[in-house]
Structure formats: structure tokens, C-alpha cells
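Residue numbers (the numbering used here): -16 to 36.
Every residue, glycine too, gets a C-beta built ideally from N, C-alpha and C.
Before any comments, here is the structure.
So this is what it looks like as C-alpha cells:
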């Protein structure tokens, strides 16, 4: 099973202080996850995708 979506690093101007700061997983991770279980129907999953666009 893989990752459904990926949001890359946000583009913005960074100061020298921010540039030297360590890169955190939080900067790249998805915060609003929608998960499904193997026993859910495809219809239920599709409806959830449509509802949570």
C-alpha cells in the first residue's frame, strides 16, 4: 500500500536563519489523512473521496 497524495515543500522566501534550520518531517508530511480498511467497499471509498475533495 502506498501514499495516496503528496504535498511538496511550500515555496516561499527563506531567511538565512530558516535556511540553516534542520528540515523536519513535519514540513513534508500530510496532516489530513483519510484511511480505509480492506473490508470497505469500493463504492464507500469512492464516496469518501468525493466528499473529502
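- prompt: Among the residues of its own chain, which have a CB less than 6 Å from the CB of residue 14, if the five just before and after it don't count?
  reply: Taking the chain shown and counting its residues from 1, the one referred to as residue 14 is at position 31. If we look at residue 14 and ignore the five residues flanking it on each side, it has no Cβ neighbours.
field: Test item: CB-CB of residue 76 and residue 19 under 7 Å
entry: Residue 76 lies beyond the stretch modelled for the chain, which goes from -16 to 36, so this question has no answer here.
For residue -4, the three-state DSSP class (helix, strand or coil): Along the chain shown, one-based indexing puts residue -4 at 13. Coil.
- request: Please classify residue 3: does DSSP put it in a helix, a strand, or coil?
  value: For the purposes of this step, residue 3 is taken as residue 20 along the chain shown, with counting starting at 1. Three-state DSSP puts residue 3 in a helix.
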